[in-house]
Structures are given as structure tokens and as C-alpha cells.
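Undergrad:
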Amino acid sequence: GIDIKDVLSQLGVKDGVNKGASTGKNWIDTKGDVIDSFTPVDGSKIGQVQLGSVEDYNEAVEVATNAFYEWRQWTAPARGEVVRQLGNALREYKEPLGKLVSYEMGKSYQEGLGEVQEMIDICDFAVGLSRQLYGLTIASERPGHRMYEQYHPLGVVGVISAFNFPVAVWSWNTALAWVCGDSCVWKPSEKTPLTSIACQNIAQEVFAKNNVPEGVSTMVIGGPDVGKAMANDKKIALVSATGSTRMGRSVNEAVAKRLGKVLLELGGNNAMIITPDADLKIVVPGAVFGAVGTAGQRCTSTRRLIIHDSIYDKVMKIIVDAYGQIKIGNPLDENNHVGPLIDKDSVNNYLNAIESAKKEGAKVLVEGGVLEGEGYESGCYVKPAILEVENHYETVQHETFAPILYVMKYSGEVTEAIKLQNGVVQGLSSAIMTTNLREAEQFLSAQGSDCGIANVNIGTSGAEIGGAFGGEKETGGGRESGSDAWKVYMRRQTNTINYTTELPLAQGIKFDL
Ligand code: UN1
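The numbers in UniProt numbering rise by one with no breaks, and the one at position 452 of the sequence shown is 462.
This is the structure:
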């Protein structure tokens, strides 16, 4: 259960109408439509938000631009100190924020807490990073010259995030952008507006305490017009967009036209290869959590199983049996494994995908369907389904954000499985389940998985923040979060310094006056 009024008040969110845009200190007097936030958990209205318009967006960007000129003069470790405090504040708010994520988005409470933990982790990562934003020193070909590179703050970063990770994706981008000296304009999903207001409140509280310039953390909850304005806006140095391939493509086109920078983290079509040498004890929880966790609404969710024909029947029997154990219901009840989909549109997409896969020849191994009756009043609870398919089906090639697992066989060598795994337009995450070193190494080799994430004996979802997160092909090519993903939030400058009394030219060119 959840006392939502109490949770909202702990997070400074009104259960009435909230303003949907902020300059980092002040909530903008938005004039847009008032939208309701309904929870998919029980269908009730949690609160309301008055959307920001393009005008409100422009106001936020202006404040963010001015803030950038000040913020970039703070030392990186001083900026890191603010992010350290943000991480501590998130530790304090972990429980209510995790609950609100669970209630507004519909993921399990454990996963809501896990999402807030990802925020804390990236803050810690960013704090360390704030003393490591280093470039290289390079050997110069000219005598008495020193050549090196440095990274400078980039500018205003636009962050577009999706409903499924309504808070973590914001922090992956902003925690890094802030230590890098950038200011941020966040456009969260309209489907989860209250969690974003809660985050903005937490940031504002910490930033005010530290006299951070107003505008370093701004937010505008708005419609597609605001997203479009951001993509076309020359004042936005980098647009980091997480969401559908369709959205990402249109953002990319607009930003490319003005030669701006993008970081795209778009759709996945993640497969798990199960070879004859797989340890079934870890295959089953790995595959099932990957497919039904977050009700299949992660970009890293397991969409496809590619199973060797010699073990296919045995593996599928165990997995189908495991599906029989899945409890679907209120995600705040820790006995349940699967909560609702985000909304009824999503339920329709789920039903349509099952229907069209069947038309293409799919065989149903676990029947899907929408749940009705007590506890399912929101109409958003669906049964995780398993369909036996062929990889080339159009439905299988497409990412549907729902718990539908497509299974297929391969025969012969692991290279055949890798071909199927790579035979989609997306390239986010992938996994192989095997205890055979040769198979595992082939999967990780240059001829192996073509995805940004390739795991061995781990499912496709649940990446740690320390690695770079993102993927290839229609996933968009961007990398967020760990490793050296920070570099996209900065501009690189190569510096060469001559400390002699001569002016030797590079490439040995002679120029005598
Ligand atoms: C997403 O679904 O957009 O790897 C992000 C994972 C999580 C992040 C998913 N750490 O599943």
C-alpha cells in the first residue's frame, strides 16, 4: 500500500495543480494545458500539471544560458561537491521517490528503489569524475613546443527522457553535465510528470543551499512542440534524447540541420542466446526477469530468446513453467513480479503486436491478454506472453514496449545464433548464456554481437552505471552514464605552445621572409 498524499508532500509535489516548468529557483507561471497524472496501478488521479509552452521553454533556456556563463567558472571539484550533496539528498529521499516512481510509472517498488539507487550511483561516479576531466599530452613534432588537449564546458544541454526510467535517465545526463560545467534543460515525459517535479525540487533544494546560479537545473514539461523547439534551438549545444527510434530520428534530423550535437539512446531489440552448454539455473531467472521485469518496458528488456534446437524443448518447458509462477498485480506489493503497463495506448500496442505476430505465423506458447477484475481496474495489467516466431517477422523486428517474449531456434554453431541476434535494425543489448569459453569469446569478438552491450551469463537488462550505456544502429549510437561518456558533455580543445624564439612550421614547411 501507499499513502500517496504523504509521499507527494515529502517530495514537495502538490496533489492539485503543479506548475510544469522551472528556472531552477522559480516555478514559471505556465499557461499551457493542465494534464492529469493517472497511476496505472489503480487508475486514480495522483495530481495535475500545467504544461509549459514554447515561450516558457525559451524563458528556461535564457536563464540556463546565463547560468552557464557563471557555472563554467566554478572549478570542476566545486561543481562535484554540489553533485555529492545531490547524491546525499537522493539517499534521504530514496524511499518516497522510489515509491512515487513505482506508483506513477507502475514498476515494482524494488525497481523504483533500484532506479533511485542508479541516481545515487551516478552522482558518486560524477563526484569522482569532477577531479578527472583530463585530456592527453601529445608529443609535438616541433622543437620547443608543447602540445596538449583540454576539455572545457560545452554549454546548455537539453535532456529528453522517457516514462520508463523517469528519474534515472535525467541523473545520468545531468550529474555528468553538471560536473562538466554545463547547465541543463530537462524535458521529461508527460506520462510521468510528478516524479520529474520531485527531482527538480530535490535539485533546487541542494542548489539553493550551495548558491548555484539559477538556471543550472531547469525543467519544462511540455508537449511535442517543446521537444521540437529544443531540437531546433541553436542555444542547445547538446541534445541528449532517450526514447523511441521515431522520436530520436526526428530530433537527430533537426539537430543535424544546425550541426549541433546529439546523444541518442533509442529502441532496442535485445536477444539472449542460449547454447547447449548454458547453465539453466541462471538462464531461467535471467530470461524471465529480462522479459517481464518492468513489464517489458525497459529499452534493455529481453525481447527474443535464440535457443539451440538440441535443448529447445527442455528450456522452453522450464521457462513456460516459470511463467506460470508469475504474479501480476499492484507493483507496490512486493509479492508481485509484474505491474501494469504505463497506459491504455500501451495495452493496445501490446495486443496489436500479439495479433500481428499471430497473423505472420507465430505459435502461442504462453497466451497473453488483458487482466480484469479486482486489483486490475486501471485496465493496464497484461499477461506476459511467449510466442514462437521466426526472426524475420515484421512484428519481431519491431520494438514493442510490453512483456512479449519471442522465441526461436538455431541449429549448428553459435555463429548461426549470432546471425539471428544481429539480424535486427536495433543494437542496444545482448546476452549469451554459455559455459563454453569458445562460444562466449566468439560472441564478444568483432564477428560477434553488434550491440553496445554484450553480456555473458547475465541477462540483457540491468546494466551498471559504471559502463557506457547505449547502442548501435537504430539505437542511435550514443553512450550515456559511465566510462568516458562524459566527453560528449564537453568541448575538446587542442593547444600547442611554442616556448622558443623561432617559428618552425609543422610538416617542415619552409616560409622565409
Ligand atoms: C532504459 O530502459 O531506458 O540496464 C534504461 C538497465 C537499466 C537502465 C535501462 N540500468 O536495464
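All C-beta atoms in this analysis are idealised placements derived from N, C-alpha and C, irrespective of residue type, glycine included.
1. In the DSSP output, which residue or residues are listed as bridge partners for Trp196?
2. Can you give me the start and stop residues for the beta strand (DSSP E) that Ala86 sits inside?
3. I need the boundaries of the alpha helix (DSSP H) containing Ser439, first residue and last residue.
4. Going by C-alpha to C-alpha distance, which of Ala412, Met129, Tyr403 sits closest to Cys390?
5. Just to confirm, does Ala473 get its C-beta within under 7 Å of one of the non-hydrogen atoms of the ligand GTP?
6. Within 8 Å, do at least three Cβ pairs link the region 23 to 38 to the region 113 to 130?
7. Say whether chain D places a C-beta atom closer than 8 Å to the C-beta of Val137.
8. Would you please state the rounded distance, in angstroms, between the beta carbons of Met240 and Pro176? I believe it to be under 8 Å.
9. Which residues in the same chain as Gln160 place their Cβ atom closer than 8 Å to its Cβ, once the five residues preceding and following it in sequence are excluded?
10. Have a look at Gly232 and Ser63 and give me their C-alpha separation to the nearest angstrom.
11. According to DSSP, is Asp319 part of a helix, a strand, or is it coil?
12. Do Cys190 and the ligand UN1 come close, with the Cβ less than 7 Å from some heavy atom?
13. From Ala136 to Gly124, what does the alpha carbon distance come to, in whole angstroms?
14. Just verifying my parser: in three-state terms, what is the DSSP assignment at Gln457?
15. Thr147: buried (16+ other C-beta within 10 angstroms of its C-beta) or exposed?
16. Leaving out five residues on either side along the sequence, give the residues of the same chain with a beta carbon under 8 Å from the beta carbon of Cys194.
17. Taking Ala70 as the reference, which of Ser32, Asn432, Lys271 has the closest Cα?
18. Could you tell me the alpha carbon to alpha carbon distance between Trp180 and Ser491, rounded to whole angstroms?
19. For the beta strand (DSSP E) containing Ser47, list its first residue and its last residue.
20. DSSP state of Glu400, grouped into three classes?
21. Closer than 8 Å is the cut-off here; do at least three beta carbon pairs connect the region 253 to 268 with the region 290 to 307?
22. Under the assumption that Thr470 contacts Asn280 (Cβ atoms under 8 Å), give the Cβ distance between them as a whole number of angstroms.
23. What residue range is occupied by the uninterrupted alpha helix (DSSP H) comprising Ala297?
24. Is it the case that the region 14 to 32 contacts the region 204 to 214, given that we only count it when at least three CB pairs across the two stretches are under 8 Å?
25. Start and end of the beta strand (DSSP E) containing Pro163?
26. Residues bridged to Tyr509 by DSSP?
27. Could you tell me whether the Cβ atoms of Val17 and Pro341 are closer together than 8 Å?
28. Compute every distance between the C-beta of Val179 and the non-hydrogen atoms of the ligand UN1, then say whether any falls below 7 Å.
29. Would the region 475 to 490 and the region 326 to 334 be scored as touching if the rule is three or more Cβ pairs under 8 Å?
30. Going straight from the alpha carbon of Ala473 to that of Thr312, what length do you get?
31. DSSP puts residue 6 in a beta bridge; with which residues?
32. Quick one: measure Cβ to Cβ for Phe78 and Asp192, integer angstroms, because I've assumed they're closer than 8 Å.
33. Closer than 7 Å: is that where the CB of Phe135 sits relative to any heavy atom of the ligand UN1?
34. Would you identify the three-state DSSP class for Ala464, choosing helix, strand or coil?
35. Would you be able to state if there are at least three C-beta pairs under 8 Å between the region 147 to 157 and the region 452 to 471?
TA: Considering the structure as presented:
1. Note: Trp196 is bridge-paired with Val169, Met229 in the DSSP secondary-structure output.
2. From DSSP, Ala86 is part of no beta strand (DSSP E) but of the alpha helix (DSSP H) over 86 to 102.
3. Run containing Ser439: none in the alpha helix (DSSP H); it sits in the beta strand (DSSP E), 439 to 443.
4. Nearest C-alpha to Cys390: Ala412.
5. Of the ligands one can find in the structure shown, namely the ligand UN1, none is the ligand GTP.
6. As far as the Cβ criterion goes, the region 113 to 130 does not touch the region 23 to 38, which means the pair count is below three.
7. Chain labels in this structure do not include chain D; a single protein chain is all it has.
8. The beta-carbon separation of Met240 and Pro176, rounded to 18 Å, does not stay under the 8 Å limit for a contact.
9. The answer, listed in chain order, is Gly145, Arg502, Gln503, Asn505.
10. Cα to Cα, the separation comes out at about 6 Å.
11. The three-state secondary structure of Asp319, taken from DSSP, is coil.
12. Not one heavy atom of the ligand UN1 lies closer than 7 Å to the C-beta of Cys190.
13. Going by C-alpha positions, Ala136 is about 18 Å away from Gly124.
14. In this structure, Gln457 counts as coil in the three-state DSSP scheme.
15. Exposed.
16. Setting aside the 5 residues that flank it on each side, Cys194 is surrounded in the same chain by Ala74, Val166, Val167, Gly168, Val169, Asn183, Thr184, Ala187, Trp188, Val226, Ser227, Thr228, each with a C-beta closer than 8 Å to its C-beta; the list follows chain order.
17. Nearest C-alpha to Ala70: Ser32.
18. Spanning the two alpha carbons is a distance of roughly 10 Å.
19. Ser47 -> beta strand (DSSP E) spans 44 to 48.
20. In this structure, Glu400 counts as coil in the three-state DSSP scheme.
21. Between the region 253 to 268 and the region 290 to 307 there are fewer than three inter-stretch CB-CB distances shorter than 8 Å, so the stretches are not counted as touching.
22. Yes, they are in contact, since the Cβ atoms of Thr470 and Asn280 sit about 4 Å apart, within 8 Å.
23. For Ala297, the enclosing alpha helix (DSSP H) stretches over residues 290 to 302.
24. Touching, yes.
25. That run of the beta strand (DSSP E) goes 155 to 163.
26. Bridge partners of Tyr509: none, in fact.
27. Not closer than 8 Å, so no.
28. Checking the Cβ of Val179 against the ligand UN1 gives yes.
29. Verdict: no, contact absent.
30. Cα to Cα, Ala473 sits roughly 13 Å from Thr312.
31. In the structure as shown, the chain starts at 11 and stops at 523, and residue 6 therefore has no counterpart that could be examined.
32. Right, their Cβ atoms sit about 7 Å apart.
33. For the ligand UN1, not one heavy atom lies less than 7 Å from the Cβ of Phe135.
34. In the three-state reduction of the DSSP assignment, Ala464 falls in the strand class.
35. Contact between the region 452 to 471 and the region 147 to 157 is absent, because fewer than three Cβ pairs lie under 8 Å.
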